[in-house]
Amino acid sequence: MNEVQLEVAKAYPNDSGRGIARLDPDTLLHLKLSPGDIIEIEGAETTAAKVWRADRQDWNTDTVRVDGFTRQNADVGIGERVTIRKAEAEKADKLVLAPPEEASVQFGSDAAGMVKRQILKRPVVERDIVPVMSSTNHPFMRSPGQAIPLIAVETEPDGVCLITEDTEVELREEPISGFEKTGGGITYEDIGGLQSEIQRVREMVELPMKHPQIFSKLGIEPPQGVLLHGPPGTGKTLLAKAVANETSASFFSIAGPEIISKYYGESEQQLREIFEDAKEESPSIIFIDELDSIAPKREDVTGEVERRVVAQLLTMMDGLETRGQVIVIGATNRVDSVDPALRRPGRFDREIEIGVPDEVGRKEILQIHTRGMPLSDDVSLDHLADETHGFVGADIESLTKEAAMKALRRYLPEIDLDEEEVPPSLIDRMIVKRDDFSGALNE
Ligand code: ADP
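Numbering (my numbering), first residue to last: 1182 to 1624.
Written out as structure tokens, the structure reads:
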């Protein structure tokens, strides 16, 4: 059979959540594919995607670009290999979607119709995660992780199915149990810029987690702790969550200031418990935000709680001995305020600076946060990237939300708040314009 093996790479920022795979012209030719055709992607599991042509920089790199949902559906990570072949897709007569375990979703009365419109002409395989935008929130509102991941619990027929106007889409509110995939969580596509920072974190965290034998063979210790430092809102938390998600590691999060304000003895106990849970559920990532807040302040003579918490943290980290299966990622805006004892070898001995994004980074972040937004043709993200010098990721996220709110206010007079449903024709017409962004920028 005609098939190729390719290395998995992350999706372009605009592609996420759309069920697209990017292939270069040679591969298309070899597999007799045209853009728009459906392919099967076989990793540890098999899923399907619609083919688009890759940008020139990717030609002859033997890669296929797919998003985090598709990677979960094929059960592969970035850098791993998959087999690609043309799919025999049949029209779906029926598709049943349900939320994953522990997610609760309430669907409005037209939700099935809205979901169908979103996934029209897309391929679905039973057990796939199908990301859909919320219909209970406003349709403009989406930031990373806010698409609702639904699971295709049943398709008719089996195999690769194509959603058409004639497909009967059924939504169940009852979560489905026993599916390992959750679809939730941040993926590398949700991070704009930070290309080389992501690469370094992957080497420090993913590599020892996935292939501990490499480190033992070379006789070196995998890192125990990694310190991310840089201004607030630049994506440190996002990056830690993405690594955990992409390695399928359990994620434990500790807010520095919170743990300090506990009653006597409680902080240490809580730290101990988190480390024990993390060991039990390894591979794990323990994320400690605002690590500097647990450094004893020199001007503060008491600082007693901080001192005890630092001591406890050191004890826990020194005693880990999990060979890269539990990694502690600390984040701070003030690297100089982190207790030097925490930065010694075997502790937080790797550092990565997460800086303010440049213009290219800002454009990627803009693309990410406008992914689910209907943008008018007069909106130029290049232009906006140019105009937002000094903005960090969090600022750009606020900007896009504010622009969407401005757009919404334009349509408000047409919305009858006493009616239960907003007419679908109005929702279809809504767009965010250049003026909405200019207005948001000038505030
Ligand atoms: P930090 O931990 O560095 O203070 P966060 O990771 O919590 O910052 O970022 C806050 C929010 O800002 C994120 O949830 C995300 O929506 C947005 N954001 C920040 N940095 C980026 C980025 N590089 N790419 C995309 N979104 C970002």
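Note that the Cβ used here is the ideal one computed from N, Cα and C, for glycine as well.
Between which two residues does the beta strand (DSSP E) holding residue i run?
i: isoleucine 1222; result: 1219-1223
i: leucine 1331; result: 1329-1337
i: isoleucine 1546; result: Isoleucine 1546 -> not in any beta strand (DSSP E); alpha helix (DSSP H) instead, spanning 1540-1550.
i: serine 1431; result: 1431-1436
i: glutamate 1226; result: Element bounds for glutamate 1226: n/a, residue is neither H nor E.
i: isoleucine 1508; result: 1507-1513
i: proline 1604; result: Looking at the DSSP string, proline 1604 is not in any beta strand (DSSP E), and its letter there is neither H nor E.
i: arginine 1262; result: 1262-1267
i: proline 1312; result: 1310-1313
Express the C-alpha separation of residue j and residue i in angstroms, rounding to a whole number.
i: glycine 1249; j: glycine 1484; result: 43 Å
i: isoleucine 1357; j: arginine 1308; result: 11 Å
i: leucine 1301; j: proline 1412; result: 41 Å
i: valine 1519; j: leucine 1409; result: 12 Å
i: methionine 1322; j: isoleucine 1367; result: Confidence at methionine 1322 is low in this model, with a pLDDT of 36, below 50, so the placement of that residue should be treated as unreliable; the coordinate-derived value is given next. Rounded to the nearest angstrom, the two C-alpha atoms are 17 Å apart.
i: serine 1431; j: glutamate 1454; result: 15 Å
i: serine 1324; j: glutamate 1346; result: Residue placement at serine 1324 is flagged as unreliable, the pLDDT there being 40, under the threshold of 50; a coordinate-derived value is accordingly withheld.
i: methionine 1385; j: serine 1465; result: 14 Å
i: glycine 1505; j: aspartate 1339; result: 41 Å
i: proline 1538; j: leucine 1375; result: 8 Å
i: methionine 1497; j: phenylalanine 1456; result: 7 Å
i: asparagine 1254; j: isoleucine 1310; result: 6 Å
i: leucine 1562; j: glutamate 1282; result: 37 Å
i: leucine 1523; j: isoleucine 1549; result: 35 Å
i: glutamate 1439; j: alanine 1225; result: 40 Å
i: aspartate 1371; j: aspartate 1609; result: 25 Å
i: lysine 1391; j: serine 1429; result: 10 Å
i: proline 1320; j: valine 1486; result: Caution applies to proline 1320, whose pLDDT of 39 falls short of 50 and renders its modelled position unreliable; the value that the coordinates give is listed next. Their Cα atoms are separated by approximately 46 Å.
i: isoleucine 1467; j: aspartate 1458; result: 10 Å
i: isoleucine 1329; j: proline 1521; result: 42 Å
i: glutamate 1378; j: isoleucine 1596; result: 45 Å
i: serine 1197; j: threonine 1551; result: 11 Å
i: glutamate 1188; j: glutamate 1223; result: 12 Å
i: glutamate 1349; j: threonine 1227; result: 23 Å
i: glutamine 1380; j: glutamate 1354; result: 38 Å
i: glutamate 1184; j: arginine 1615; result: 45 Å
i: arginine 1489; j: valine 1306; result: 53 Å
i: leucine 1452; j: aspartate 1499; result: 14 Å
i: glutamate 1351; j: glycine 1289; result: 13 Å
Under the rule that 16 or more other beta-carbon atoms within 10 Å means buried, what is residue i, buried or exposed?
i: leucine 1210; result: exposed
i: proline 1404; result: buried
i: threonine 1317; result: Caution applies to threonine 1317, whose pLDDT of 44 falls short of 50 and renders its modelled position unreliable; the value that the coordinates give is listed next. With fewer than 16 other Cβ atoms within 10 Å, it is exposed.
i: valine 1541; result: exposed
i: glycine 1401; result: Here the sequence assigns isoleucine to residue 1401, which means glycine is not the residue at that position. By the 10 Å Cβ count, isoleucine 1401 comes out exposed.
i: leucine 1593; result: exposed
i: alanine 1492; result: exposed
i: proline 1526; result: exposed
i: arginine 1528; result: buried
i: lysine 1638; result: Residue 1638 lies beyond the residue range present for the chain, which begins at 1182 and ends at 1624; the question has no answer from this structure.
Taking 7 Å as the threshold (C-beta atoms), are residue j and residue i in contact?
i: aspartate 1559; j: arginine 1515; result: no
i: glycine 1574; j: threonine 1415; result: yes
i: alanine 1268; j: alanine 1229; result: yes
i: serine 1463; j: valine 1507; result: yes
i: threonine 1336; j: leucine 1276; result: yes
i: isoleucine 1475; j: glycine 1437; result: yes
i: lysine 1460; j: isoleucine 1535; result: no
i: valine 1286; j: valine 1313; result: no
i: arginine 1543; j: alanine 1512; result: no
i: arginine 1246; j: arginine 1203; result: yes
i: arginine 1266; j: glutamate 1221; result: yes
i: proline 1304; j: valine 1257; result: no
i: proline 1216; j: arginine 1199; result: no
i: glycine 1373; j: glutamate 1545; result: yes
Suppose the cutoff is 8 Å on Cβ atoms and the five residues either side in sequence are ignored; what does the same chain contact list for residue i look like?
i: isoleucine 1241; result: The amino acid at residue 1241 is misidentified as isoleucine; the sequence shows asparagine. Excluding positions up to five away in sequence, the list reads Asp1205, Asp1207.
i: serine 1579; result: none
i: proline 1393; result: Pro1403, Arg1504, Gly1505, Gln1506
In its own chain, which residues sit with a C-beta less than 7 Å from the C-beta of residue i, not counting the 5 before and 5 after it?
i: aspartate 1576; result: Gly1414
i: serine 1606; result: none
i: lysine 1587; result: Asp1617, Gly1620, Ala1621
i: alanine 1584; result: Val1613, Asp1617, Phe1618, Ala1621
Going along the chain, which residues of its own chain have a beta-carbon closer than 6 Å to the beta-carbon of residue i, five neighbours each way excluded?
i: glutamine 1186; result: Arg1262, Thr1264
i: isoleucine 1612; result: Pro1555, Ser1557
i: aspartate 1274; result: Glu1337
i: alanine 1190; result: Thr1244, Arg1246
i: valine 1434; result: Note that residue 1434 is serine in the sequence shown, not valine. Closer than 6 Å at Cβ, skipping near neighbours: Phe1468.
i: glutamate 1532; result: Leu1408
Can you name the start and end residues of the alpha helix (DSSP H) that residue i belongs to?
i: glutamate 1534; result: No alpha helix (DSSP H) contains glutamate 1534, which is instead part of the beta strand (DSSP E) from 1529-1534.
i: threonine 1581; result: 1574-1592
i: histidine 1211; result: 1206-1211
i: valine 1560; result: First-last for valine 1560: undefined, no H or E at that position.
The ligand COA and residue i: does the residue's C-beta get closer than 6 Å to at least one heavy atom of that ligand?
i: lysine 1582; result: The model on display carries the ligand ADP but not the ligand COA.
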